[in-house]
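Respectively, the protein sequence lines represent chains A and B. If you're matching positions, the first sequence starts at 4 in my numbering and goes up one per residue. If you're matching positions, the second sequence starts at 4 in my numbering and goes up one per residue. The beta carbon of each residue, even a glycine, is placed where N, CA and C say it ideally should be. Just so we're clear, the structure is a prediction, and the values are computed from it rather than from any experiment. First up is the structure itself, then whatever we jot down about it.
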Amino acid sequence: KQEVTQIPAALSVPEGENLVLNCSFTDSAIYNLQWFRQDPGKGLTSLLLIQSSQREQTSGRLNASLDKSSGRSTLYIAASQPGDSATYLCAVREVGDDKIIFGKGTRLHILP
Amino acid sequence: GAVVSQHPSWVICKSGTSVKIECRSLDFQATTMFWYRQFPKQSLMLMATSNEGSKATYEQGVEKDKFLINHASLTLSTLTVTSAHPEDSSFYICSGAGYSYEQYFGPGTRLTVT
Numbered sequence: 004k005q006e007v008t009q010i011p012a013a014l015s016v017p018e019g020e021n022l023v024l025n026c027s028f029t030d031s032a033i034y035n036l037q038w039f040r041q042d043p044g045k046g047l048t049s050l051l052l053i054q055s056s057q058r059e060q061t062s063g064r065l066n067a068s069l070d071k072s073s074g075r076s077t078l079y080i081a082a083s084q085p086g087d088s089a090t091y092l093c094a095v096r097e098v099g100d101d102k103i104i105f106g107k108g109t110r111l112h113i114l115p
Numbered sequence: 004g005a006v007v008s009q010h011p012s013w014v015i016c017k018s019g020t021s022v023k024i025e026c027r028s029l030d031f032q033a034t035t036m037f038w039y040r041q042f043p044k045q046s047l048m049l050m051a052t053s054n055e056g057s058k059a060t061y062e063q064g065v066e067k068d069k070f071l072i073n074h075a076s077l078t079l080s081t082l083t084v085t086s087a088h089p090e091d092s093s094f095y096i097c098s099g100a101g102y103s104y105e106q107y108f109g110p111g112t113r114l115t116v117t
């Protein structure tokens, strides 16, 4: 059974710092991996989607990497801003299945 | 990108009543729709998967008679929480997937049962 784990559960960093959020999954047979942002009481905003054949994706200050063989992904946020404060969710879609399995998320707080 | 809407965005209902949540794909045909539930400080958990015109497939532990899902058209799915109880209070998010199989998520509905 696929399990997605995100570490740390919560993180506070001063504004301007670069930071890394970690995601691990137990079954490497994934179709893709996706990072989402969720603001309190809100829905999901898709940040980056990495197909299983890709190693990384970049969008602005965000860079996501994927190491399928080791079951790991990282989300790198450069030059953090207070507006980056949110919960970041990692999710995987397994091969041959439409289901998306989410991690519990990392609550990020950027200190002004 | 594809857009999915949900209505209402939040709802308060009394214990024992039923409440319906709508999920609409606005600019694509969602052959499959998914319903997720998120409790406070928890991640999203898939409740059920529905294909247009077919009965929904429920995840283990989700009561199909309590959470009625209808996917009568390619742009609309509804989730009805029947005989709601306070423990059903949660954030419900739907997603739709078209022929590309990529899921597009709705903004969510916050249900509070008093």
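Taking C-beta atoms under 8 Å as the contact rule, E62/B and L77/B fail to qualify, at a distance of about 23 Å.
Here the alpha carbons of F39/A and H112/A stand approximately 16 Å from one another.
Using a CB distance cut-off of 9 Å, D87/A does not count as an interface residue toward chain B.
Around the Cβ of L114/A, a 10 Å sphere holds fewer than 16 other Cβ atoms; the residue is exposed. Linking Q106/B to F31/B through their CA atoms gives a straight-line distance of about 11 Å. Residues of the same chain with a CB within less than 7 Å of the CB of P11/A, apart from the 5 flanking positions on each side, are T109 in chain order. Neighbours of L51/A across chain B, judged by C-beta separation under 9 Å, do not exist; the nearest C-beta is about 13 Å away. Between the alpha carbons of Q45/B and E66/B lies a distance of about 20 Å.
Between K71/A and I33/A, the beta carbon gap of about 7 Å places them in contact (Cβ cut-off 8 Å). For the C-beta of G106/A, the chain B residues within less than 7 Å are, from N- to C-terminus, S46.
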